[in-house]
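Laid out in structure tokens, this is it:
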């Protein structure tokens with residue numbers, strides 16, 4: 001997330017999500033267990049402290065060694081088409 005982002009609400013993790021700063025980003029970290037062939041849903045609601053200039057950019061970074069999880073994103077009330085995360089992806093939402 002952009003540096004200075006604030007977590008408002010989080011559901012779906014086994015432990016409370018923590019926030020930290022890493023270089024130019026705010027990182028939200030949690031943990032959950034998924035059984036083989038299982039699915040899970042994590043929901044994060046957060047605010048960002050930056051001006052958007054008519055668009056919002058979200059960089060989703062794939063963790064090395066993990067399978068291609070499917071992501072479903074809703075930003076600013078706009079639901080985006082679900083996609084498998086095969087590599088790092090930047091999602092741009094027009095406001």
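Numbering (the UniProt record's numbering), first residue to last: 1 to 95. Even glycine gets a Cβ: it sits at the ideal position worked out from N, Cα and C.
Inset, instruction - Closer than 7 Å by C-beta to residue 78: which residues in its own chain qualify, once you throw out the five before and the five after it? Chain order, please. - result: For this step, residue 78 is matched to residue 78 along the chain shown. Around residue 78: 93.
Inset, instruction - Helix, strand or coil for residue 10, going by three-state DSSP, please let me know. - result: Counted from its first residue, the chain shown places residue 10 at position 10. Strand at residue 10.
Inset, instruction - Could you tell me if residue 5 is buried or exposed, where buried requires 16 or more neighbouring beta carbons within 10 angstroms of its beta carbon? - result: Within the chain shown, residue 5 is the residue found at index 5, counting from 1. Note on residue 5: 16 or more other CB atoms within 10 angstroms of its CB, so buried under the neighbour-count rule.
Inset, instruction - Please determine, among 76, 2, 66 and 7, the residue with the shortest C-alpha to C-alpha distance to residue 84. - result: Numbered from 1 along the chain shown, position 84 holds the residue referred to as residue 84. Ranking 76, 2, 66 and 7 by Cα distance to residue 84 puts 66 first.
Legend entry - Alpha-carbon spacing of residue 45 relative to residue 38, whole angstroms: By 1-based counting over the chain shown, the position of residue 45 is 45. By 1-based counting over the chain shown, the position of residue 38 is 38. Roughly 24 Å separates the two Cα atoms.
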